[in-house]
Amino acid sequence: MANPKLLILAGDGLGPEVMREARRILDWLHKRRGVSFDVEEDLVGGAAYDAHGVPLADSTMAKAQAADAVLLGAVGGPKWDSLPFAVKPERGLLRLRKELQLFANLRPALCFDALAEASTLKYEVVAGLDVMIVRELTGGIYFGEPRGIETLPDGQRRGINTQVYTTEEIRRVGRVAFELARKRGGKLCSVEKANVMESGVLWREEITKLGAEEFPDIALSHMYADNCAMQLVRNPKQFDVIVTDNLFGDILSDAAAMLTGSLGMLPSASLGAADAQGRRKAMYEPVHGSAPDIAGKGIANPIATILSLAMALRYSFDLSREADRIEKAVSAVLDGGLRTADIMQPGKARISTSTMGDAIVREMEQSLAAG
Ligand code: IPM
Ligand code: MG
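Per this note's numbering, residue 39 is the first one in the sequence shown, and the count goes up by one each step.
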């Protein structure tokens, strides 16, 4: 059988340096576990703009369509801030999500024991935390029409975006969330603003119907998005799986990330619909951005990217054992007291991006020796 195809798009800012560490994990899997991928690399975001004048070349889009999974670093940076909207680095990322139809974005906020003290929240609030946020990724206000900036007859300008969801868009992401809840703690909280938005009313009605029809075994609750933001910092362990729209999911997942100690820890998986063989188009990326302020200094935390690779192994390549091995290695490295700057704590050893990569590879090697 041909090797599975993995497309790596490191992108901008700290993207290339954290991706370098993920590649070392891939090399290790190849050498030590006989797990091989056909890996291709290409450009996205500002890097693609500099080379091609667009944040994602059509040829790169075609490679993404042909790949079994895409691993993406980060896009954007001050260098490209003043570009017209249509060619901003972020448009490259949004085009990938939209054209690959990656409607379900899984963002697991998991607090490693060793980092419970590193969170800005109290230890007892976050220790043992394991929440999964399922964010709708190809609809809502990110893509809704009409959109734009227009000039009114009186000379004022008006900016317009549209929040819009159809029954099917809500049901397909809802189904992913219910299925995850079934494999986890059996609880799903659906989040919208049905008190002020019709799209939220529809969201609540459709999720309720779907639950009654297909998932009567799952304990379904509903929450307004503002309350959810508050509950995430007040008592995050009340949640198991959260399902929400594109914009609320963007905001709530950043908040949830900080519960885990650092944005540098949070991976994500974006999945499309399953085909006849049960395979889904998929893209994996750290939740953090390109962090231009620390890019190029060798101090970025590669863990979110490495954990994104682990998610790829689990969800796209049926390699749960190797995914577990990576996650356990990360946990062991943290237990051993090694820290990149973003998760530094008193009494721990502050290390660079590549030293963190070394340490994770070393732990994986040890897990092999231990059998
Ligand atoms: C994210 C990011 C993106 C988003 C940006 C870079 C377009 O914040 O993945 O959460 O808003 O979706
Ligand atoms: Mg975001």
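By construction, the Cβ of each residue, glycine as well, lies at the ideal position given by its N, Cα and C atoms.
- When only Cα atoms are considered, A48 and Q194 end up about 41 Å apart.
- Listed in chain order, the alpha helix (DSSP H) runs fully inside the region 178–266 are 205–221 and 236–252, counting runs of at least 4 residues.
- Taking every protein chain shown into account, the CB of E230 has 16 or more other CB atoms within 10 angstroms, so this residue is buried.
- In this structure, D356 is the residue among D356, V281 and I289 with its C-alpha nearest to the C-alpha of G316.
- Within the model, the alpha-carbon separation for I63 versus L190 is close to 55 Å.
- A387 sits close to R377, with the two beta carbons spaced by under 8 Å.
- Leaving aside the five residues that flank A152 on each side, the residues in its chain whose CB is nearer than 6 Å to its CB run, in chain order, L372 and D373.
- Checking the DSSP bridge columns, you'll see G49 partnered with A112.
- In this structure, the CA atom of M402 is about 18 Å from the CA atom of V56.
- Per the Cβ contact rule, the region 140–154 is not in contact with the region 80–99 (fewer than 3 Cβ pairs under 8 Å).
- Per DSSP, the continuous alpha helix (DSSP H) segment holding K136 begins and ends at P127 to E137.
- Per DSSP, I389 lies in no beta strand (DSSP E) and is assigned neither H nor E.
- Rounded to whole angstroms, L297 and E162 show a C-alpha spacing of 11 Å.
- Under the three-state reduction of DSSP, V77 is assigned to strand.
- Exclusion of the five residues before and after V125 leaves Y87, G91, V92 and P93 as the residues of its chain whose Cβ lies within less than 8 Å of its Cβ.
- For E360, the enclosing alpha helix (DSSP H) begins and ends at S358 to D373.
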